[in-house]
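K.L.:
Before I ask anything, here is the structure I am working with.
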Amino acid sequence: MKQAVIFDLDGTLADTLSSIAFFANRALTQCGYEQIPLEEYRYLVGNGAKRLVHGMLARVGDDTPEAFDKVSPLYNDGYDADSLYLTKPYDGILTLLHALKQRGVKIGVLSNKPDRTTQKIVKALFGDVVDACRGQQDGTPRKPDPAGVFLLLDELSVSPDDCLYVGDTKTDMQTGKAAGIFTVGVTWGFRDREELEEHHANAIISSPEELIAYL
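So the sequence shown is numbered by the numbering used here: it starts at 272 and just counts up by one.
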């Protein structure tokens, strides 16, 4: 049986899309730009806050250093101050996490979201059920670089062979594979099954309880 599961956060454990879109659009309007439709954020998120803001500005036609310097702090500060707004665990996630703990499986979370915000969301939504958690930190490359995975594996004291990596995007599938971990794609998140298949997920599930079969 696997000894650990490392989860992505946004689109995998927690439905954060409406929250991210709210603070992103607020930052845009504060700087005089048009808002971006909620559904478009499905393809803007997943690669960290810097990439998100650049993507937003490209969408509104002004991805310049000057625009980035205005919008980025407004988004980051606003989101960090109230990161639980419109955020909730996906249905069945809490039940899954407790079922894993009952089986003695360790739980890690790895996100491209800034570490401070990641830690606050994970602590508030999942409490002590998560054993190790990392967001984006200076000095550690973002996913799909596997550096963050290896740090979590060390913290959890498990090997890649003894772990599952679970996420909802191609970035997650690339991350898990780069670390030599069996990847499980989820279809309830921000992207579709086709993206997961194209990036060679080892398994694809459509509800949290299906993960148990892959332990």
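In this text, a Cβ means the ideal position worked out from N, Cα and C, and glycines have one as well.
As the structure is a computational prediction, the values presented were derived from the model and not from experiment.
At what residues does the beta strand (DSSP E) containing Pro385 begin and finish?
P.N.:
Taking the first residue of the sequence shown as position 1, residue 385 is located at position 114. From DSSP, the beta strand (DSSP E) with Pro385 extends over Lys377 to Pro385.
K.L.:
Counting along the chain, where does the alpha helix (DSSP H) carrying Gln445 start and finish?
P.N.:
Position 174 of the sequence shown, counting from 1, holds the residue named residue 445. Taken as a continuous stretch (DSSP letters only), the alpha helix (DSSP H) holding Gln445 covers Lys441 to Ala449.
K.L.:
Give the secondary structure of Val316 by DSSP, where H, G and I count as helix, E and B as strand, and everything else as coil.
P.N.:
Position 45 of the sequence shown, counted from the start, is the residue given in the question as residue 316. Note: Val316 maps to coil in three-state DSSP.
K.L.:
Measuring straight from C-alpha to C-alpha, what distance separates Thr366 and Glu337?
P.N.:
The sequence position of residue 366 within the sequence shown is 95, counting from 1. The sequence position of residue 337 within the sequence shown is 66, counting from 1. The alpha-carbon atoms of Thr366 and Glu337 are separated by roughly 45 angstroms.
K.L.:
Report yes if the CB atom of Val324 is closer than 7 angstroms to the CB atom of Tyr304, and no otherwise.
P.N.:
What you label residue 324 is simply residue 53 of the sequence shown in a count that begins at 1. What you label residue 304 is simply residue 33 of the sequence shown in a count that begins at 1. No; because the gap between Cβ atoms is not below 7 angstroms, this pair is not in contact.
K.L.:
What do you reckon, are the CB atoms on Gly317 and Thr442 nearer than 7 angstroms?
P.N.:
The count along the sequence shown starts at 1 and reaches residue 317 at position 46. The count along the sequence shown starts at 1 and reaches residue 442 at position 171. In contact: Gly317 and Thr442 (Cβ atoms closer than 7 angstroms).
K.L.:
Do Pro385 and Gly406 have their C-beta atoms closer together than 7 angstroms?
P.N.:
Counted from its first residue, the sequence shown places residue 385 at position 114. Counted from its first residue, the sequence shown places residue 406 at position 135. Yes; because the gap between Cβ atoms is below 7 angstroms, this pair is in contact.
K.L.:
Taking Phe453 as the reference, which of Arg464, Ser428, Ala298 and Asp433 has the closest Cα?
P.N.:
For the purposes of this step, residue 453 is taken as the residue at position 182 of the sequence shown. The residue with the shortest Cα to Cα distance from Phe453 is Asp433.
K.L.:
Can you tell me whether Lys359 is helix, strand or coil according to DSSP?
P.N.:
Numbered from 1 along the sequence shown, position 88 holds the residue referred to as residue 359. In the structure shown, Lys359 sits in a strand (DSSP, three-state: E or B).
K.L.:
Rounded to the nearest angstrom, how far is the Cβ of Ala449 from that of Pro417, given a contact under 8 angstroms?
P.N.:
Taking the sequence shown and counting its residues from 1, the one referred to as residue 449 is at position 178. Taking the sequence shown and counting its residues from 1, the one referred to as residue 417 is at position 146. Yes, Ala449 and Pro417 are in contact; Cβ-Cβ is about 4 angstroms, under 8 angstroms.
K.L.:
Using 10 angstroms around the beta-carbon of Gly410, count the other beta-carbons present and answer buried if the total reaches 16, otherwise exposed.
P.N.:
Here residue 410 refers to the residue found at position 139 of the sequence shown. So Gly410 ends up on the exposed side.
K.L.:
What are the start and end residues of the beta strand (DSSP E) that includes Ile475?
P.N.:
For this step, residue 475 is matched to residue 204 along the sequence shown. Note, Ile475: beta strand (DSSP E), Ala474 to Ile476.
K.L.:
Among all the DSSP beta bridges, which residues are the ones paired with Lys395?
P.N.:
One-based indexing of the sequence shown puts residue 395 at position 124. Sequence inspection shows Ala at residue 395; the Lys mentioned does not correspond to that position. Partner(s): none; Ala395 has no beta bridge.
K.L.:
Considering Cα atoms alone, identify which of Ser478, Ala474, Met444 and Phe461 is closest to Leu315.
P.N.:
On the sequence shown, position 44 is the one that residue 315 refers to. With distances taken between Cα atoms, Leu315 lies closest to Phe461.
K.L.:
Roughly how many whole angstroms lie between the Cα atoms of Leu486 and Thr358?
P.N.:
As a position in the sequence shown, residue 486 is number 215, starting the count at 1. As a position in the sequence shown, residue 358 is number 87, starting the count at 1. Cα-Cα distance, rounded: 28 angstroms.
K.L.:
Kindly indicate the opening and closing residues of the alpha helix (DSSP H) around Thr366.
P.N.:
Locating residue 366 in the sequence shown gives position 95, where the first residue counts as 1. Run containing Thr366: Ile364 to Gln373, per the alpha helix (DSSP H) assignment.
K.L.:
For the alpha helix (DSSP H) that Gly419 lies in, which residues bound it at each end?
P.N.:
Start at 1 with the first residue of the sequence shown, and residue 419 comes out as number 148. Ala418 to Leu427 is the span of the alpha helix (DSSP H), which, as asked, contains Gly419.
K.L.:
Output the distance between the C-alpha atoms of Gly375 and Gln306, rounded to the nearest integer angstrom.
P.N.:
Translated into the one-based positions of the sequence shown, residue 375 becomes position 104. Translated into the one-based positions of the sequence shown, residue 306 becomes position 35. Cα to Cα, Gly375 sits roughly 45 angstroms from Gln306.
K.L.:
Closest to Ala329 by C-alpha separation, out of Glu311, Val455 and Gln373, would be which residue?
P.N.:
If you number the sequence shown from 1, residue 329 lands on position 58. Of Glu311, Val455 and Gln373, the residue nearest in Cα terms is Glu311.
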